[in-house]
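Only one structure is covered here, and it is reproduced in the block below.
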Amino acid sequence: MIWVCWVIFLQAVTWIPTCASRKICSGTVEKLLDLPAGWSTGGPAELSTNLTLRLEIKSPGTSTLETSVLQVSTPGHPRYGKHMKRDEVADLLRPDPSVLDMVLTWLSTEGVSEETLYIRGNWIAFQATVSQVERLLRTQFFYYHSVTSQRSLVRTLEYSVPCEILPHVLSIQPTTRFGGVQAQKGRNLSKRAGLPLDQPIVATAKDLVAECGIVMRPDCLRSLYGLEGRVASPDTRNRLGVSGFLDQYARHADFHDFMHHFSADASCSGFEVVFSNGGMNPENSSASSTEASLDIQYAAALAHGNPVTFYTTAGRAPSVSPAGQLIDESYSENEPFLDQLHFLLSLSDHELPAVLTTSYGEIEQSVPATYARSVCGLFAQLSARGVSVIFSSGDSGVGGSCLSNDGTNQTRFQAIFPASCPFVTAVGGVEGIDPEVAIDFSSGGFSDIFPRPHYQDHAVSDYLGRLGSKWNGYYNARGRATPDVAVQAKNFIIRDHETWLKISGTSWAGLCGNSITTERDPTGERETSHGISESMAL
390 MIWVCWVIFL
400 QAVTWIPTCA
410 SRKICSGTVE
420 KLLDLPAGWS
430 TGGPAELSTN
440 LTLRLEIKSP
450 GTSTLETSVL
460 QVSTPGHPRY
470 GKHMKRDEVA
480 DLLRPDPSVL
490 DMVLTWLSTE
500 GVSEETLYIR
510 GNWIAFQATV
520 SQVERLLRTQ
530 FFYYHSVTSQ
540 RSLVRTLEYS
550 VPCEILPHVL
560 SIQPTTRFGG
570 VQAQKGRNLS
580 KRAGLPLDQP
590 IVATAKDLVA
600 ECGIVMRPDC
610 LRSLYGLEGR
620 VASPDTRNRL
630 GVSGFLDQYA
640 RHADFHDFMH
650 HFSADASCSG
660 FEVVFSNGGM
670 NPENSSASST
680 EASLDIQYAA
690 ALAHGNPVTF
700 YTTAGRAPSV
710 SPAGQLIDES
720 YSENEPFLDQ
730 LHFLLSLSDH
740 ELPAVLTTSY
750 GEIEQSVPAT
760 YARSVCGLFA
770 QLSARGVSVI
780 FSSGDSGVGG
790 SCLSNDGTNQ
800 TRFQAIFPAS
810 CPFVTAVGGV
820 EGIDPEVAID
830 FSSGGFSDIF
840 PRPHYQDHAV
850 SDYLGRLGSK
860 WNGYYNARGR
870 ATPDVAVQAK
880 NFIIRDHETW
890 LKISGTSWAG
900 LCGNSITTER
910 DPTGERETSH
920 GISESMAL
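Start counting the sequence shown at 390; every next residue gets the next number (my numbering).
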């Protein structure tokens, strides 16, 4: 952290007596060295614009929580499977009362209304105008415009807090968080019709019955991963959760067509939709819902008999046009993970899914480090409560984006976040059947933010020994390694807007891992998996 002390002189050269002079000391919490790629700077933000911020206070219970996650997730440990309750986690992470009082007093003094405050564990959510937040955080907010999407955000590149507050604050967002979350829907591996590599192609009648390996269907995956004949007894304790972001909607009509064609014994089963942060799921939307269709269709087809829930999170905040005018939220883009995580963590223990899969991510270096750690800590809370969190490892290979953004522009292999968080299981992609081999677009590598967890030491050390020194300097050998496990990721058949499509990507790999994890635990007992230690059981 960078410390900055400002002394305000009320006269040019003469100190005013103590009562007439004041010393303001502030410390920088977060500072971006450069504007993230793909964004341009506009004018100053309108001072009356309302912002909703979340502030994370450092908690003395964080290390205890992380230790607990590993213990309840490790087979053979006396605490294995003995997950924490919601209130236990909140109590463990609650900050020292004197620190909480100090932070609340600071917010109140700067004009933040008590009516807008919400406190849970070590997080405080509050609302304030741009004018108030600029004074609060010793900064200035601007309009930043996306070069590619015509979307704009109110953000800053740096913010500070008073020196007495600084040691206790981990992160305040959204401030320096621009967001570049994408669905990990890899590639159209056939270049027919000149389609972009990340677009699906129409599947033919021949594709629907093609040999496994040429395409992938639920029957192929059930046979390949030993799930034939398995039907779980419906149990809400085995709920399978699917994340929905960025206006991707799970259409019931397509779902039932898919299930009738590929999983007739489960054609009558449906899925529940749970809304958070203004999320929607309109059945008649004309927008592409390829990601949501794939996610919900394969989740249910592979783990039918278990309840499936689609958690749709709006994840979009009010923004402004390039001309500086507020525009409708549906045209804005904001980071969805914080909104979803705070919603899930507010649920009672019996309402949580046993497994949560998410097919979205972004290049790790585009995420402020303090923010990434905060989000990862929330995933740890979910894990402590018995939720196995699964993420696609990404679809940009090892070197899809190779330049560092630390001002040096060095060549660097990039990790994908949140797959790089050590409290989630990252699932990569393979192709072929006998043998399965890594597919070229599947992302993997080493985090520059999170250190390697102990549960990876054996597997990663063995891998690095075989790799040798060939790529030294391009990656952080001491970082958390991804992926943890890999499954099929090529030529999946899906149904979207009454059309059969074929597409590839680690989104689908993540769904396979999710469904297999849920189906292989038919007892209803939650056995949290994360990382190599357990996910290799897939």
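Ideal Cβ positions, reconstructed from N, Cα and C, are used throughout, including at glycine.
Distance between residue j and residue i (C-alpha atoms, nearest Å)
i: Cys601; j: Asn880; result: 10 angstroms
i: Tyr844; j: Pro811; result: 10 angstroms
i: Thr451; j: Glu887; result: 48 angstroms
i: Asn865; j: Leu792; result: 14 angstroms
i: Ala689; j: Asn511; result: 36 angstroms
i: Leu691; j: Ala642; result: 19 angstroms
i: Leu890; j: Leu526; result: 49 angstroms
i: Ala514; j: Trp495; result: 14 angstroms
i: Ala594; j: Ala808; result: 36 angstroms
i: Met473; j: Val813; result: 17 angstroms
i: Phe780; j: Tyr614; result: 19 angstroms
i: Ala703; j: Pro842; result: 32 angstroms
i: Asp423; j: Thr800; result: 17 angstroms
i: Thr992; j: Arg524; result: Residue 992 lies beyond the stretch modelled for the chain, which goes from 390 to 927, so this question has no answer here.
i: Pro840; j: Leu597; result: 44 angstroms
i: Ala743; j: Gly431; result: 44 angstroms
i: Ala592; j: Val776; result: 35 angstroms
i: Ala870; j: Ser520; result: 42 angstroms
i: Gly894; j: Gln529; result: 40 angstroms
i: His740; j: Asp728; result: What sits at residue 740 in the sequence shown is Glu, not His. Their backbone Cα atoms lie some 17 angstroms apart in a straight line.
i: Ser850; j: Ser858; result: 13 angstroms
Residue i burial status per 10 Å Cβ neighbour count (16 or more: buried)
i: Ile413; result: exposed
i: Asp837; result: buried
i: Arg333; result: The chain is shown only over 390 to 927; residue 333 falls outside these bounds and no answer can be derived.
i: Pro433; result: exposed
i: Pro467; result: exposed
i: Ala965; result: Outside the shown range of the chain (390 to 927) lies residue 965, about which nothing can therefore be said.
i: Ile603; result: exposed
i: Leu767; result: buried
i: Tyr852; result: exposed
i: Asn695; result: buried
i: Ser782; result: buried
i: Val709; result: Caution is warranted here: a pLDDT of 39 is assigned to Val709, below 50, making its placement in the model unreliable, and no coordinate value can be reported.
i: Leu436; result: exposed
i: Pro406; result: At Pro406, the pLDDT of 34 sits below 50, so the modelled position is not reliable and the matter cannot be decided from this model.
Cut-off 6 angstroms between Cβ atoms - residues of its own chain near residue i, not counting five sequence neighbours on either side
i: Lys580; result: With a pLDDT of 35 at Lys580, under the threshold of 50, the modelled position of that residue is not reliable, and the figure given next carries that caveat. So the list is empty, once near-sequence residues are dropped.
i: Gln770; result: Val478, Leu734
i: Lys447; result: His557, Leu559
i: Leu856; result: none
i: Thr456; result: none
i: Phe835; result: Tyr864, Asn865, Gly868, Ala870
i: Thr747; result: Ser632, Phe780
i: Val697; result: Leu629, Phe660, Ala688, Ala689
Element boundaries [beta strand (DSSP E), containing residue i]
i: Phe780; result: 777-781
i: Ala848; result: Not the beta strand (DSSP E): Ala848 falls in the alpha helix (DSSP H), residues 846-856.
i: Gln562; result: 558-562
i: Leu436; result: Note, Leu436: premise wrong, no beta strand (DSSP E); not H, not E.
i: His534; result: 531-535
i: Phe881; result: 881-885
i: Ala870; result: 868-871
i: Thr565; result: No beta strand (DSSP E) contains Thr565, which DSSP labels as neither H nor E.
i: Ser893; result: No beta strand (DSSP E) holds Ser893; DSSP gives it neither H nor E.
Residues near residue i in its chain [Cβ-Cβ closer than 7 angstroms; skip 5 each side]
i: Val536; result: Gly427, Trp428, Ser429
i: Ser370; result: The chain is shown from 390 up to 927; residue 370 falls before or after that span and cannot be answered.
i: Ala875; result: Val816, Gly817, Gly818, Val819, Ala827, Ser831, Ala898
i: Phe726; result: Val764, Pro807
i: Pro949; result: Any property of residue 949 remains undetermined from this structure, which presents the chain solely from 390 to 927.
i: Ile439; result: According to the sequence provided, residue 439 is Asn. The question's Ile does not apply to it. Result list for Asn439: Gln516, Thr518, in chain order.
Boundaries (first-last residue) of the alpha helix (DSSP H) holding residue i
i: Asp738; result: Per DSSP, Asp738 belongs to no alpha helix (DSSP H) and is neither H nor E.
i: Val764; result: 758-773
i: Arg544; result: Per DSSP, Arg544 belongs to no alpha helix (DSSP H); it is in the beta strand (DSSP E), 541-544.
i: Pro607; result: 607-613
i: Ala642; result: 641-651
i: Leu597; result: 594-597
Residues near residue i by beta carbon distance below 8 angstroms, same chain, minus five either side
i: Ala639; result: Val631, Gly633, Phe660, Val662, Asn670, Ser678, Ala681, Ser682, Asp684, Ile685, Phe699, Thr701
i: Gly465; result: none
i: Phe644; result: Gly659, Phe660, Ser682, Ile685, Gln686, Ala689, Arg884
i: Met390; result: Low per-residue confidence applies at Met390: pLDDT is 40, beneath 50, and the placement is therefore not dependable, though the value from the model is reported in the following sentence. These residues qualify, in order along the chain: Gly416, Thr417, Val418, Leu555.
i: Met491; result: Glu553, Ile554, His557
Distance cut-off 8 angstroms: residue i Cβ against heavy atoms of the ligand ADP
i: Leu546; result: Absence of the ligand ADP is noted for the structure shown, with no ligands found whatsoever.
Closer than 9 angstroms to chain D by CB, residue i
i: Pro742; result: Here chain D cannot be found, since the structure has a single protein chain.
Please give the ranges of any beta strand (DSSP E) in the segment 442-520, keeping only runs that are unbroken, at least 3 residues long and fully inside the region. 507-509, 512-518
Beta strand (DSSP E) runs contained entirely in the segment 678-709, provided each spans 3 or more residues: 697-702
Just to confirm the assignment: which complete alpha helix (DSSP H) runs, minimum length 4, are found wholly within the segment 796-825? none
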